[in-house]
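Encoded as structure tokens, the structure appears first; notes follow it.
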Amino acid sequence: PLRFRSTIDRNASTKLPMPTMKAATILTLLSTLGSHCSPCYALAMDSRRVLVTGAGGQTGQHIFRKLLAKPGYVPIGSVRSEASRQALVEGTAGIGGPAIPEESVAIYDITGDDTSGLDELMKDCDAVMICTSAKPAPTGEVDEETKRPKFGFPNGQPEVVDWMGQKKLIDAAKKAKKDVHVVICSSMGGTDPNHSLNNLGKVTNKDGSSSGGDILKWKRKAEAYLIDSGCPYTIVHPGGLLNEPGNERELCLGVDDKIPGTSNNSVPREDVANVMIAALENDKYQGRSFDLVSKAVGDGVVTKDYSKLVESLTGNCDYSLGEIA
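What follows is the structure, encoded as structure tokens:
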């Protein structure tokens with residue numbers, strides 16, 4: 009298959025994988041070799057380039073590693089820092105695993121102002137899997153009223169990451185190619201403005217107003233923007249994410265925080281990855297926004313047919329419900 013190498017200096021803010029052979033050169037070789045050419049070269053020409061953002065995280069890394077192992081794909085994982093890149097390459101980040109080729113990982117910080125690196129990174133992509141999200145962490149303080157730990161977003165508030173950052177990705181996809189398929193990993197709970205997730209990182213200002221937080225509202229804003237962008241899209245709202253093996257449960261789809269057939273509200277990250285990859289391979293997932301959970305292990309029939317799964321879905325999520333930031 010086509011091999012990629014980094015042509016950007018190690019100290020540069022963006023490292024981009026570039027082909028070692030131009031497509032025209034390969035076509036010439038194929039024409040010259042004729043029937044004696046190895047079929048792997050033809051396969052390489054048909055490979056789909058997929059940008060996976062948030063590839064150093066747990067769900068994003070499931071997707072990235074699966075695409076690396078899947079024939080017909082050339083995935084590029086993007087992370088926001090050199091430390092994250094090194095951990096991903098060494099297999100010590102997120103879910104961990106075997107080392108990842110250095111040339112398959114790029115650095116781009118979506119919270120920055122410069123989008124030139126992103127435009128180059130998105131160039132020639134057939135799809136982008138957006139797994140980037142603001143990540144809450146304890147601040148070390150305790151809420152005096154609830155006596156519970158306070159949370160903040162040390163690496164960027166939801167407005168910056170889940171709205172402005174995702175908007176940059178959507179704009180870059182639209183600019184790069186008219187038919188780039190944008191697949192977002194979001195979250196259930198968006199129909200409830202008072203959902204507890206929206207309180208994470210929110211602070212009360214001296215004048216009584218509040219700022220920060222509202223992660224589901226900012227995610228919803230990015231989703232609505234994607235729907236209106238004209239890009240082919242799939243938006244997945246997983247329930248509570250489980251760090252448990254996938255491929256062991258029956259999956260269930262629904263809309264507007266209502267899932268028929270189960271009262272469970274969680275799903276393994278690996279199963280989320282499976283559904284998002286299925287969205288790349290089945291056109292029935294395009295133009296859909298839906299919720300995803302799983303039944304408990306042993307309850308129901310393990311989902312293997314992802315075409316049948318999406319056919320069970322009725323309608324799309326209604327963005328007039330809840331609040332958009």
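FYI, the numbering for the sequence shown is 9 to 333, going by the numbering used here.
Glycine included, each C-beta is placed from N, C-alpha and C at the ideal position.
Model, not experiment: these values are computed from the prediction.
query                                                                                                     : result
Where Asp222 falls, given that 16 or more other Cβ within 10 Å makes a residue buried                     : buried
Beta-carbon spacing of Val263, Asp236 below 8 Å                                                           : no
Where Ala281 sits in the DSSP three-state scheme                                                          : helix
contact_flag[the stretch 113-120, the stretch 88-103] where n(CB pairs < 8 Å) is 3 or more                : yes
Beta-carbon spacing of Asn273, Gly248 below 8 Å                                                           : yes
Paired residues, beta bridge with Tyr241 - DSSP                                                           : Val190
Whether Gly164 touches Gly102 by CB criterion (8 Å)                                                       : no
6 Å CB neighbourhood of Pro162 in its chain, flanking five on each side removed                           : Ala145
The stretch 70-83 touching the stretch 278-296, judged by at least three CB pairs closer than 8 Å         : yes
Contact the stretch 137-156 vs the stretch 55-75: 3+ CB pairs below 8 Å                                   : yes
Nearest neighbour of Ser219, chosen from Glu231, Ser204, Glu167 [CA to CA]                                : Glu167
Per DSSP, the bridge partner or partners of Ser218                                                        : Thr212
Three-state secondary structure (DSSP) of Ser274                                                          : strand
Pair within 8 Å by beta-carbon distance, Ala281 and Lys74                                                 : yes
At least 3 beta-carbon pairs within less than 8 Å: the stretch 167-177 vs the stretch 290-306             : no
At least 3 beta-carbon pairs within less than 8 Å: the stretch 256-271 vs the stretch 191-200             : yes
Buried versus exposed call for Gly306 [16 or more other C-beta atoms within 10 Å across all chains shown] : exposed
Ala181 vs Cys239 beta-carbon contact at 8 Å                                                               : yes
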